[in-house]
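Chains as they are written, first to last, in my numbering: chain A, 1 to 435; chain B, 1001 to 1365; chain C, 2001 to 2292. For glycine and all other residues, C-beta sits at the position ideal for the given N, C-alpha and C.
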Amino acid sequence: MIGRALAFGFAGLLAGCAPADDRPEIVVQRFFGECGAAYGESTDVAAADTECGILTTLINRFEAENPDIRVKVNVVAWPGYPQLAAQIAAGDPPDLVTMHQSVISDYAGAGLIEPVEPLLAAARIDPAAFTPAARAGVEKEGRLYAMPWDTIGRLWHINTALMAEAGLMRGGKPVLPNSPEELLAHARQFRERTSKPYLIQAQVSAPDFHVALLYTYLLAQDAVIFPDARHIRLDTPQARAIVTVLRQLNAEGLTTLNQDFPAATAAFIQGEGGIFPVGTWMLGPYDAEAARSNSPLHGNYAVAPFPRLWGEEASFVDGHAWIVPAARRSPAERAAMARFLGFLAKYNYDWSRTGQLPAFAQVVESPAFRALPHRADIAALARTGKQLPGYVERQSAVQGLIGEELEAAITGAKPVDTALKDAERRVNRLYAQMM
Amino acid sequence: MSGLELIDVSKSYGATPVLERVSLSVLPREFIAFLGPSGSGKSTLLRIIAGLETADSGEVWLDGERIDTRSPGARGIAMVFQHYALYPHMTVRENMAFGLRNAGVARDEITRRIAQAADILEIAEQLDKKPGQMSGGQRQRVAIGRAIIKQPRLFLLDEPLSNLDAALRGRTRVELAQLRTRVDAALIMVTHDQAEAMTLADRIVILDDCCIQQVGTPAEVYARPANAFVARFVGSPPMAMLPATIAGEEAGRVCVRLAEGTVLATAVPAGELVAGTEVEVGLRPEHVRLAAPGEAGLAAQVELVERLGDRTFLYAKLEGGAEIIALEPGFGTVRPGDAVTLAIDAPCAHVFTASGAAHHPEPRA
Amino acid sequence: MTAALRDRLAGYAFVGPFLLVYAAVLIVPLVMGIVISLHRADLFGRREWIGLDNYAQALGDPVLHQAFGNTVLLAVLIVPPLTVIALLLALALNRPGKFAAVLRGVFFSSLVLSVTIVTLIWRFILTPDAGLIAEGLEAAGRAPIPFLSDPDLVIPAIAVTTLWWSLGFPVMLILAGLQQVPGDIYEAAALDGAGRWTVLRRITLPAIRRTLLLVVMLQTAAQLQLFGQAQLLTGGGPGGASRTIVLYIFEVSFGRWELGYATAIAELLFGMIIALTLLQYWLVTRHEEPRA
């Protein structure tokens, strides 16, 4: 009896020993959501939709076409920076991580990520092939710290049927305001004629929305937001003017209130408001939605860059990129990573179907890209897009702080002056603490 | 005051009957013991009187009022629990005052009664202690005090002596005897120890197998047990039961023949006892002794000797295999294994028929 | 080696592994944290000694004051009602029978859910956009209430979510305490004519005093460290109205990379929790005599 048990035990142990797997493994960490339920093992990139779907199928396809590489994918909640910081601090970071270009300087300055020129060379990617905006986003102090993946612009997504009802369409194109006064006037007219809010805004748990608006219109006026790497200036007449208008919109009920991002997205799709100021990343999904014949957006969907309200036309842009946390890796792993980057670069057009602007100039100019719906309307972004100066660090944390104070000002919880002063003080204190 | 009346009380747990149509009358100021083996229903009966359980049918009356429909606190009854059930986080004083406070008795009356009870029970020094700080005996007195202070019409005591060691048991027995002289109420005690019941009770209620087997004074249940069960249960060591047949009669009294042939002339009236009937002869140890040299008697083999100091019990086996117990005064010299002759005081023998009916000897003139 | 010495060594051998793990996982990080809090430190290893400056900054930080107020308010809104409701439920469920057993399981089940699931459920209930309560209000003809974005409502909303989630464990603890009370005391009380309220007040509650104290101490320590519900339901907003101390520590350490400041705040929180729970313990047990 016991002899038999022992025999079974040994057999089990031996069976459990798999042959040693010495394929190189790369750990890829990304946000963009989890959609394994819809895209699971699919490798059909052309048929996939949305950021999550396209990226998932891309990675699946890479794995299928490269059976000699093991790919481990970590999906993290947006934006994933607390996790990444913890992983780096623990000494066990992933190999390739998606990161916003605005955040790269933090990690580059602290030496936490490595320059990618060797990998790009191994993947036979020429940095001259990037668009100017994309290159600017990943170049810090003369070195390239990431492979750019796209450029993100802010857009107004417009429900043209409601705009027509409000009398704000001309020649098949929506009439957009040219000044803050016109903005309020249009908004009031819209509300009168359609009884719906002019704007749909995500104001709950979404600090980046208001901050994007603020940055856009400050940059449009060439206002200096960050005079140097350790200071911010927000208590300025320009900032006050912008925030006051936003507050006015809230106070008069010209925008939706109390919605978080999922709720706002749903509201726009249901046609509960005129304009949803969000970004290029929703272009793909909304377009797909408008294609359905029974959708309120069917035939009524248009996009435009943020209208010029102050100063010149400008857009606050950012972008996604793939960074490489600093760590020791074997030559086999580095070769695998280079192959992954090269693979991604080939599919930049597919990624741009989401609505983001491609990072490779060739793709921007290709007929295929130009033929995608609404891209002509947003082509200007490639020209007018502006980012924060390269020395600005901790943009993610700063965005959170400013966003919190803006929310208080816009909902009326704090006076605008106090909120901007507090925001300035808190960000300056954060910078003062930096080592 | 008309005392406690139980009328046809029955109780079953599921399919198992515990009490079947039990009826009883208790006089005011009487001390009754419920005696019986475990499972006989005596505790259940007590709890039904207290109101902690409800009977399936039957009535309970106290002093002319029907109480089985009332809550336990409204019956005028106090109970001393087997494990005392003192409130652990209250002092002795508070334990005793609890019931009176719930009844709305005036504060100085409560103080007066506590002082009085503490005096009687000699627990005046413990009044501010908590039960956890007291010995078992002290706790019991507090439990009794808690019951006395309510001035109930009926006291219920649930196995009051079983938790105590031998020395304390004797002392407490004396205290309980004194207690009943001081209170103006009836007492009902549940016990499985027949010595307790015999020494303390005015009357003993013997319960077995869901029914009352006999109600009587200690003398009655000892000398004239109603059936074989009572005969074996009361008395320690128990009455010996020898199988026999009715041999005939003599002067109106039956003669019985034991298994090994000896014929005993009892003092039991013949009545309806027919010769040839199989019966059992009951003999208490005090009616069996060692025969004097030359005296006739039964041959027996001693198996066990119990020397208690003032008397000795001999557990012996007769020739037919029946077991018998004899009593010798003093220390005795008999040893286990000895063959002895036992003299029987035949006029003291009882006869029990197969149906359990008991026939007792007529008292000597 | 004597038998006594062998026994002692055996004892240490049994306790040793646990003590080692305890020291490594709890004591050592605690001491390290105190040391780090005396430095200006970033998340990736840079350290600069500044003495008690972090603590000075913490005491003067208005955001921390707000977080502190929020946390204390949450604890006050959660712990007393939680104890009372758990007590009532335990009293009601302390009976034999299958129905009571099933209900005990039901009330305990919310505890096994992770905080992510719980906040998902409650976001669905509370959100003014097609949430459960919003739909009900609209059906009754009233406007939906923005529980998660109104500064005055976020803390009660988080409190209710936490109450729903945390009920199971105190109920179990109190049930265990109740079941240890000997039954004959209740019978004696019945014979003493005690009504249900008197029994509860003078017999049941004093008997489970220590269990209730345990529940209050554990829950106070737990709710002062409330984190997941605040982060996932409201992100600490709006305007920091629902930011708790631990959420602030998280933001400072992993968002702003200021490890020194974050650990200083953490040490302050630790001190506060210890002081509070010891105070609770002393308040309840100072009247008890030493056990016999």
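For LEU430 (chain A), the residues of chain C that pass the 7 Å Cβ criterion are ARG2256, in the order they occur in the chain.
PRO358 (chain A) is positioned such that its CB atom lies no closer than 8 Å to that of ASP287 (chain A). Taking 7 Å as the Cβ-Cβ cut-off, the region 2188-2201 of chain C approaches chain B at ALA2188, ALA2190, LEU2191, ASP2192, GLY2193, ALA2194 and THR2198, given in chain order. For LYS72 (chain A), the uninterrupted beta strand (DSSP E) run begins and ends at 70-75, by DSSP. Residues of the same chain with a CB within less than 7 Å of the CB of ARG426 (chain A), apart from the 5 flanking positions on each side, are LEU401 in chain order.
At a C-beta separation below 7 Å, ILE2203 (chain C) has these neighbours in chain B: TYR1087.
Below the 7 Å Cβ cutoff, chain C contributes no neighbours of LEU1062 (chain B), its closest Cβ being approximately 14 Å away. In the displayed model, ALA239 (chain A) falls within a helix according to three-state DSSP. Here the alpha carbons of THR411 (chain A) and PRO177 (chain A) stand approximately 23 Å from one another. One alpha carbon belongs to LEU2077 (chain C), the other to TYR2281 (chain C), and they sit about 20 Å apart. For TYR2261 (chain C), the neighbours in chain A by C-beta distance under 8 Å run, in chain order, GLN433.
Along the region 389-415 of chain A, the positions whose C-beta sits under 8 Å from a C-beta of chain C are ARG394, SER396, ALA397, GLY400, GLU404, GLU405, GLU407, ALA408, THR411, ALA413 and LYS414, read in chain order. Residue pairing from DSSP places MET147 (chain A) in a beta bridge opposite A:TRP322.
Listed in chain order, the alpha helix (DSSP H) runs fully inside the region 2084-2167 of chain C are 2098-2109, 2115-2126, 2132-2139 and 2154-2166, counting runs of at least 4 residues. With fewer than 16 neighbouring CB atoms inside 10 Å of its own CB, ILE2117 (chain C) falls in the exposed class. If the five residues before and after TRP78 (chain A) are omitted, its C-beta is found closer than 7 Å to the C-beta atoms of PHE31, all from its own chain and listed in chain order. Within the region 1145-1186 of chain B, the complete alpha helix (DSSP H) segments of 4 residues or longer fall at 1166-1182, listed in chain order. The beta carbon of ASP2184 (chain C) falls within 8 Å of a beta carbon belonging to chain B, placing the residue at that interface. By the rule that beta-carbons nearer than 8 Å mark a contact, ASN66 (chain A) does not touch chain C. With a threshold of 8 Å between beta carbons, PRO2206 (chain C) makes contact with chain B. By the C-beta criterion, the region 1137-1145 of chain B is judged to be in contact with the region 1084-1099 of chain B, since at least 3 inter-stretch pairs fall below 8 Å. Where PHE2018 (chain C) is concerned, the enclosing alpha helix (DSSP H) starts and stops at 2003-2022.
Residue pairing for ILE1325 (chain B): DSSP places it in a beta bridge opposite B:TYR1315.
For LYS1011 (chain B), the enclosing beta strand (DSSP E) has its first and last residue at 1004-1013. Interface annotation, SER2149 (chain C): in contact with chain A, CB-CB separation under 8 Å. Secondary structure note for CYS1255 (chain B): its beta strand (DSSP E) is the uninterrupted segment 1253-1258.
Going by C-alpha positions, SER366 (chain A) is about 54 Å away from ARG2142 (chain C).
In the three-state reduction of the DSSP assignment, LEU1342 (chain B) falls in the strand class, which pools E and B.
PRO1072 (chain B): not part of any beta strand (DSSP E); DSSP gives it neither H nor E. In chain order, ALA2189, ASP2192, ALA2194 and ARG2202 make up the part of chain C whose C-beta sits under 8 Å from the C-beta of PHE1098 (chain B). At least 8 Å separates the beta-carbon of THR1245 (chain B) from that of ALA1291 (chain B). Among the residues facing chain C, ILE88 (chain A) is included, as its CB has a counterpart in that chain under 8 Å away. Taking the Cα of ALA128 (chain A) as reference, the smallest distance to any Cα among A:LEU112, A:ARG375, A:ILE113 and A:PRO148 is reached at A:PRO148. With respect to chain A, the C-beta atom of PHE2018 (chain C) has no partner C-beta closer than 8 Å. For PHE1034 (chain B), the three-state secondary structure derived from DSSP is strand.
For ILE1144 (chain B), no Cβ of chain C is located within less than 8 Å of the residue's own Cβ.
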